[in-house]
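Student: Shown below is the structure under consideration.
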Amino acid sequence: MQSKIIFSDFDGTLTLGTDLTSHFFEIIQLLNENDIPLVIVTGRSQAWGHFLLTHFPLLHVVTEGGGVISRRKNLESHLIEDQFMTSLKDRNNLEKISQDLLKKFPKLTLSADSQGRKADRAIELEVLSELEIYDEVADFLKKSGANVSRSNVHLNFWTGKISKYTTTKYLLENDFKQVSLEECLYFGDSLNDESMFEKLPYTIGVSNINNVLDQLKHRPHIILDGVENAGPRGVLNYLKKQSKVKSTD
Numbered sequence: 540m541q542s543k544i545i546f547s548d549f550d551g552t553l554t555l556g557t558d559l560t561s562h563f564f565e566i567i568q569l570l571n572e573n574d575i576p577l578v579i580v581t582g583r584s585q586a587w588g589h590f591l592l593t594h595f596p597l598l599h600v601v602t603e604g605g606g607v608i609s610r611r612k613n614l615e616s617h618l619i620e621d622q623f624m625t626s627l628k629d630r631n632n633l634e635k636i637s638q639d640l641l642k643k644f645p646k647l648t649l650s651a652d653s654q655g656r657k658a659d660r661a662i663e664l665e666v667l668s669e670l671e672i673y674d675e676v677a678d679f680l681k682k683s684g685a686n687v688s689r690s691n692v693h694l695n696f697w698t699g700k701i702s703k704y705t706t707t708k709y710l711l712e713n714d715f716k717q718v719s720l721e722e723c724l725y726f727g728d729s730l731n732d733e734s735m736f737e738k739l740p741y742t743i744g745v746s747n748i749n750n751v752l753d754q755l756k757h758r759p760h761i762i763l764d765g766v767e768n769a770g771p772r773g774v775l776n777y778l779k780k781q782s783k784v785k786s787t788d
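Note that the working numbering has the sequence shown beginning at 540, numbered continuously upward.
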């Protein structure tokens, strides 16, 4: 396996739908056996980053679409350090926009984990679909000065200049100084992975990315085919193939 770090989206990429399956654990085991760090880069909340760090052998997780880096020094440590990638001014502005949004759309609710979010907020896509106000909400947020992106489960919004890519680049420059972008691989399946598809030299789309492929201006370099390569099954299959290639070098 030639990559020195594997970066990956979470929902729909390391999960099958919304479920954690045995494939996720196999991915972690395979990477551990090859001494390759896995860094999850997700739109989920800071609290989810803490969950992932405390339940799995991970040292870094990027959450809130690049808004927060959570890290621990080693696998034995239970102390987690959080680094916010947006300013306090941006976060205060985000809170005001959130309050204005709920006043404008009184039937709307933020996601259950938004209370614990720091750098962004989220709205369940299911809620927007039921209320039939996706476009109206997205337009309101953009006119209010917020950035908007969509994952498999949420419409996320934030203020400030962050993305999955900018925070990944920061992480490499500060925590993995000996590793270049060319030595990294990214797996994704969603619209909010586009900054990674655009900027990273090596990116893989698991097969379920076909659901949003026509909406992407920047696509992954490789797109896996077939239901057998959906979500974590695709990630695992690709990593196994690369591991075999390395073993025969």
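Backbone N, C-alpha and C fix where the C-beta goes; we use that ideal spot for every residue, glycine too. Quick caveat, the model's predicted, so the values are computed rather than measured.
So, for Leu775: in the same chain, excluding its five sequence neighbours on each side, which residues have a beta-carbon less than 8 Å away from its beta-carbon?
Tutor: Counting only Cβ-Cβ distances below 8 Å, and skipping sequence neighbours, we find His562, Glu565, Ile566 and Leu569.
Student: Tell me which same chain residues have a C-beta within less than 7 Å of the C-beta of Gly699, skipping the five on either side of it?
Tutor: Hits under 7 Å: Thr625, Ser626 and Asp629.
Student: Please report the distance separating the alpha-carbon of His693 from that of Ile743.
Tutor: If you take the alpha carbons of His693 and Ile743, they lie about 22 Å apart.
Student: Between which two residues does the beta strand (DSSP E) carrying Leu555 extend?
Tutor: Segment: none, Leu555 is in no beta strand (DSSP E) and carries neither H nor E.
Student: At which residues does the beta strand (DSSP E) containing Ile748 begin and terminate?
Tutor: No beta strand (DSSP E) contains Ile748, which DSSP labels as neither H nor E.
Student: Return helix, strand or coil for Arg772, following the three-state DSSP convention.
Tutor: Helix, per DSSP.
Student: Could you tell me which residues DSSP puts in a beta bridge with Gln622?
Tutor: Looking at the DSSP assignment, Gln622 forms a beta bridge with Ile608.
Student: By how many angstroms is the C-alpha of Lys780 removed from the C-alpha of Gly770?
Tutor: Roughly 16 Å separates the two Cα atoms.
Student: Note down the Cα distance separating Leu667 from Thr648, rounded to an integer number of angstroms.
Tutor: Distance between the alpha carbons of Leu667 and Thr648 is about 9 Å.
Student: With DSSP as the reference, label Ala586 as helix, strand or coil.
Tutor: Note: Ala586 maps to helix in three-state DSSP.
Student: Taking the alpha-carbon positions, what's the Ser782 to Val676 distance?
Tutor: Cα to Cα, the separation comes out at about 45 Å.
Student: In angstroms, rounded to a whole number, what distance separates the CA positions of Glu663 and Lys646?
Tutor: Whole-angstrom Cα-Cα distance: 13 Å.
Student: Three or more C-beta pairs closer than 8 Å, one from the segment 577-587 and one from the segment 679-696: is that the case here?
Tutor: Flag = yes, the segment 577-587 and the segment 679-696 touch.
Student: What did DSSP end up calling Ile566 once you bin it into helix, strand or coil?
Tutor: Note: Ile566 maps to helix in three-state DSSP.
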